[in-house]
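Engineer:
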Amino acid sequence: LQRCRGHDASANPVRRYQLIQFDVLLDEEKRAVDEADKEVRFKTALQDETMTEMRNAYFDMQNELRNERNETARTMRRMEEAHRSIMTQITKMNASY
415 LQRCRGHDAS ANPVRRYQLI QFDVLLDEEK RAVDEADKEV RFKTALQDET MTEMRNAYFD
475 MQNELRNERN ETARTMRRME EAHRSIMTQI TKMNASY
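Numbered by the working numbering, the letters in the sequence shown go through residues 415 to 511 in order.
#1: How would you write the range of the alpha helix (DSSP H) that tyrosine 511 sits in, first residue to last?
#2: Let me know the secondary structure DSSP gives arginine 492 once reduced to three states.
#3: Would you say aspartate 474 faces chain B, with C-beta separation under 9 Å as the test?
#4: Give the DSSP-derived three-state secondary structure of asparagine 426 in the structure shown.
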């Protein structure tokens, strides 16, 4: 009723009842909007957190793959060196016969 100052709602009981009902509806609508806003903020925060976690997991996976690739390259170099060494020894053994 405070929203309707300037009108003499008490003069007409039907009008007064309608204004009270209207105020109740407005209050309910405001609560519903507030709840929806809270839910949107919560979901947005949850999405932001999820995206951050996914981004971090992606970067961790990239680093892990990079490390594995580097380790594979080191292993291949060691194998090539071992192969060369063995081939050199075989060549020397064949030359000595």
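We put the CB at the ideal spot given by N, CA and C, even for glycine.
Structural biologist: Let me spell this out:
#1: What you label residue 511 is simply residue 97 of the sequence shown in a count that begins at 1. Run containing tyrosine 511: none; DSSP gives neither H nor E here.
#2: Here residue 492 corresponds to residue number 78 of the sequence shown, with the count starting at 1. When DSSP states are grouped into helix, strand and coil, arginine 492 belongs to the helix group.
#3: Although the question refers to chain B, the structure presented lacks it and comprises just one protein chain.
#4: Taking the sequence shown and counting its residues from 1, one reaches residue 426 at position 12. In the structure shown, asparagine 426 sits in coil (DSSP, three-state: anything other than H, G, I, E or B).
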